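Have a look at the structure below before the remarks.
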Amino acid sequence: MLSRRIIPCLDVRDGRVVKGVRFRDHVDMGDIVALATRYRDAGADELVFYDITASPEGRSVDSGWVERVARALDIPFCVAGGIRSVEDARRVLQAGADKISINTPALERPALIGELAAAFGTQCVVVGIDSMRDADGQWRVRRDSGDPARTRALATRTLDWVVEAQRLGAGEIVLNCMASDGVRQGYDLPQLRAVRALCSVPLIASGGAGTIGHFIEVFRDADVDGALAASVFHGGEIRIPDLKRALHGAGVEVRHAA
Amino acid sequence: MRVVVVDAGGANLGSVCYALERLGIAPTIAHEASDLDDAERVILPGVGAAGPAMACLSAQGLVEPLRRLDVPLLGICLGMQLLYEASEEGDIAGLGVLPGKVVRMREDRVARVPHMGWNTLSDVRDLPLLDGIRAGDHAFFVHGYAVPVGTDTIATTTHGAPFSAVVQRGAYSGAQFHPERSAEVGARLLRNFIDGVAA
Chain A
192 MLSRRIIPCL
202 DVRDGRVVKG
212 VRFRDHVDMG
222 DIVALATRYR
232 DAGADELVFY
242 DITASPEGRS
252 VDSGWVERVA
262 RALDIPFCVA
272 GGIRSVEDAR
282 RVLQAGADKI
292 SINTPALERP
302 ALIGELAAAF
312 GTQCVVVGID
322 SMRDADGQWR
332 VRRDSGDPAR
342 TRALATRTLD
352 WVVEAQRLGA
362 GEIVLNCMAS
372 DGVRQGYDLP
382 QLRAVRALCS
392 VPLIASGGAG
402 TIGHFIEVFR
412 DADVDGALAA
422 SVFHGGEIRI
432 PDLKRALHGA
442 GVEVRHAA
Chain B
164 MRVVVVDAGG
174 ANLGSVCYAL
184 ERLGIAPTIA
194 HEASDLDDAE
204 RVILPGVGAA
214 GPAMACLSAQ
224 GLVEPLRRLD
234 VPLLGICLGM
244 QLLYEASEEG
254 DIAGLGVLPG
264 KVVRMREDRV
274 ARVPHMGWNT
284 LSDVRDLPLL
294 DGIRAGDHAF
304 FVHGYAVPVG
314 TDTIATTTHG
324 APFSAVVQRG
334 AYSGAQFHPE
344 RSAEVGARLL
354 RNFIDGVAA
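Taken in sequence, the protein lines are chains A and B. With this note's numbering, letter number 104 in the first sequence gets 295, and the count goes up by one each step, no holes. With this note's numbering, letter number 161 in the second sequence gets 324, and the count goes up by one each step, no holes.
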C-alpha cells in the first residue's frame with residue numbers, strides 16, 4: 192500500500208540551511224548536505240529545499256548545492272524557489288533534483304505549468320500555493336510570500352487555482368496554509384479538506400504542525416498524501432522515528448515503522 | 164566492472180550515476196552505439212514521456228544496439244517501460260525486447276495517478292536480482308503508466324490494481340520504481356544487478 196509521506200522542508204539561503212517563523216527572522220541551521228543526510232537517516236520520505244533568497248531577489252537557484260544534495264541523498268527531493276522557466280527547471284533537474292516546485296511564477300504566468308509538464312512530465316511539476324482566508328470567508332492565494340514586505344493578496348480563489356493548476360499539468364499540489372504556518376496549532380483541516388475534494392493529484396499539507404497528533408489528524412481527517420513541516424523537525428521537538436511509530440499505531444500507512 | 168548508463172534524455176541520468184558512485188562504481192554515459200561496445204552492464208534510466216525518450220534513443224542510433232545487447236540491461240521506470248513492445252503513452256512502439264504493452268494506470272478515489280511515493284513490494288521471487296529484498300520492503304515510485312503482471316514479473320506492487328514492480332527475461336530486467344531514490348532497497352537492487360544477475 193502507498194505510504195503517507197513525511198516531508199521535512201529546509202529553507203536554503205546562500206547554500207546554508209536557515210530557519211524562520213512565518214517567513215521571517217532566519218537563523219543559520221547548518222550545512223545542507225549534513226542536515227539532508229541526517230533527515231534521510233531518521234526516515235524522512237522526501238525533502239523539500241526552498242531557496243528563500245532566489246525568488247524574492249529574482250535570481251535562479253544555484254545548481255551547485257542541488258548537485259551536492261543529489262550525490263549524497265538516496266531519497267527523493269524537490270527544489271522550490273527561483274524557478275521561472277523551463278531552462279531554470281532543466282538546470283535544477285539535471286543537477287539531480289527529482290521535482291521542482293513553482294509558486295509565484297506560476298501565478299504570474301500559468302502557462303509555465305504546462306510548459307514544464309510537457310518538457311519533463313507532470314510527475315516532477317509541483318505547484319506550491321500560499322493561501323489565507325480573507326474577511327469574506329474565502330480562501331485566496333498570496334504571491335511573493337518569500338518576502339513579507341512584498342507579499343500580495345490576489346483576487347484568485349485558492350480552490351479555483353487548485354483546479355486550474357491541475358488542468359495545466361501540475362502533478363502535485365503543496366498547500367501552505369499561511370495563517371497556520373510556524374504557529375504549531377495544527378494543520379488547517381477545513382481548508383485542506385476543501386482542497387482535497389478538488390485535487391486528484393497528490394496533495395501535501397504545509398503549515399501548522401506542532402505535535403504528533405497534528406500529523407495523525409491531517410492524514411486521517413484531510414486525506415492528504417504527505418505532510419510537510421519544518422520547525423518541529425529542525426528544533427527536535429518531533430523525531431521522525433517516533434512520529435512514524437505513532438502514525439503506524441494510529442493506522443496510517445508509513446514507511447519504516449516498527 | 165564497466166557500467167554504461169544510456170542517455171535517453173531523462174532528467175534522472177545524474178541521479179542514477181550518483182547512485183552507482185555511492186556503490187563505488189564509476190559509470191560512463193552512452194550517447195551513441197560505440198559507447199556500448201565493451202559494456203559489461205547497461206542501465207537505461209528514464210523520466211518523462213515514452214515518445215520523446217524513444218525519439219532520443221533513435222536519434223542517437225541506440226535502438227538496434229539495445230535490442231541486440233548480450234550483456235545484462237536494467238531499465239529504470241520509463242526505461243523499463245521502453246523494453247516492451249508498445250505503450251499506451253503516446254501510442255508508441257518500444258524496444259520490444261519484452262513481450263507486452265505498457266498501459267495507463269486506472270485512477271480511482273483512493274489510488275490517485277500519477278502513483279507517487281513509497282509503496283511496498285509483494286510476490287518477490289527468489290532470484291539473484293532480488294537477493295536481500297523482501298515482500299513488504301518499500302520502494303519509491305513515480306509513474307502514471309505501468310506494466311500489467313505477467314510471466315516476466317518477478318515482484319509486484321499494488322496501486323488500485325497490482326502491476327509489475329520488477330521484471331526480468333533473460334538479460335533484460337527492469338524496475339518500475341527508482342532504485343536511485345529508494346534508499347537501502349534501491350542500493351541493494353543496483354548492487355545485485357552489478358554483481359550477479361544471470362545473463
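Ideal Cβ placement from N, Cα and C applies to all residues, glycine included. If you're wondering where the values come from, they're calculated on a predicted model, not measured in any experiment.
Query: 9 Å Cβ cut-off: residues of chain D touching residue 227/B; Result: The question asks about chain D, but that chain is absent: this structure's protein chains are A and B.
Query: Three-way DSSP call (helix, strand, coil) for residue 434/A in this model; Result: helix
Query: Proximal chain B residues relative to residue 269/A, where beta-carbon distance stays under 7 Å; Result: In chain order: nothing, as chain B lies at least about 11 Å away.
Query: Residue closest to residue 429/A, alpha-carbon to alpha-carbon, out of 199/A, 193/A and 395/A; Result: 199/A
Query: Buried/exposed call for residue 243/B, threshold 16 Cβ in 10 Å; Result: buried
Query: Residue 331/B (DSSP reduced to helix, strand or coil); Result: strand
Query: Residue-level contact to chain A via CB, residue 362/B, 8 Å cutoff; Result: Model confidence at residue 362/B stands at a pLDDT of 43, short of 50, so the residue's coordinates are unreliable; what they give is reported in the following sentence. So, not an interface residue.
Query: N-terminal and C-terminal residue of the beta strand (DSSP E) that residue 413/A is part of; Result: Run containing residue 413/A: none in the beta strand (DSSP E); it sits in the alpha helix (DSSP H), 403-413.
Query: Residue from 432/A, 336/A and 206/A with nearest C-alpha to residue 321/A; Result: 336/A
Query: Own chain partners of residue 260/B with C-beta closer than 7 Å, once the 5 adjacent residues on each side are dropped; Result: 230, 246 and 335
Query: Cβ-based neighbour list, residue 263/B, same chain, cut-off 8 Å, excluding 5 preceding and 5 following; Result: 247, 248, 310, 311, 313 and 315
Query: Residue 283/B at chain A interface by Cβ criterion, 8 Å; Result: yes
Query: Nearest-angstrom Cα separation, counted from residue 282/A out to residue 169/B; Result: 19 Å
Query: Backbone CA spacing between residue 424/A and residue 436/A [nearest angstrom]; Result: 15 Å
Query: Under 7 Å by beta carbon: chain A residues contacting residue 181/B; Result: 261, 262 and 287
Query: Cut-off 8 Å between Cβ atoms - residues of its own chain near residue 258/A, not counting five sequence neighbours on either side; Result: 286 and 287
Query: Segment contact flag, the region 221-241 of chain A with the region 261-278 of chain A, C-beta cutoff 8 Å, min 3 pairs; Result: yes
Query: Bridge partners - residue 330/A, DSSP secondary structure assignment; Result: 324/A
Query: Cβ pair count under 8 Å reaching 3, the region 250-264 of chain A against the region 220-227 of chain A; Result: yes
Query: Expected contact under 8 Å - CB spacing of residue 344/A and residue 333/A to nearest Å; Result: 6 Å
Query: CB contact below 8 Å: residue 303/B versus chain A; Result: yes
Query: Same chain, Cβ closer than 8 Å to residue 302/A, five either side skipped, listed in chain order; Result: 359
Query: Contact with chain A by residue 299/B, beta-carbon distance below 8 Å; Result: no
Query: Residue range of the unbroken beta strand (DSSP E) whose run includes residue 292/A; Result: 290-293
Query: Alpha-carbon spacing of residue 277/B relative to residue 291/A, whole angstroms; Result: 16 Å
Query: Closest Cα partner of residue 349/A within the set 338/A, 325/A, 434/A and 421/A; Result: 325/A
Query: Outcome for residue 273/B when other beta-carbon atoms lying within 10 angstroms are tallied against a minimum of 16; Result: exposed
Query: Beta-carbon neighbours of residue 344/B, restricted to chain A and to distances below 7 Å; Result: 265, 266, 267 and 289
Query: Residue 275/A, buried or exposed, once every other Cβ within 10 Å from all chains shown has been counted against 16; Result: buried
Query: Residue 217/B burial status per 10 Å Cβ neighbour count (16 or more: buried); Result: buried
Query: Classification of residue 300/A by the beta-carbon crowding that lies within 10 angstroms, buried from 16 upward; Result: exposed
Query: Span separating the alpha-carbon of residue 399/A from that of residue 375/A; Result: 5 Å
Query: Cβ-based burial, residue 192/B [other Cβ within 10 Å; buried from 16]; Result: exposed
Query: Inter-residue spacing [alpha-carbon to alpha-carbon] between residue 347/B and residue 204/B; Result: 21 Å
Query: For residue 223/A, the first and last residue of its enclosing alpha helix (DSSP H); Result: 223-233
Query: Complete runs of the beta strand (DSSP E) confined to the region 217-285 of chain B [at least 3 residues]; Result: 236-239, 247-250, 261-267 and 278-283
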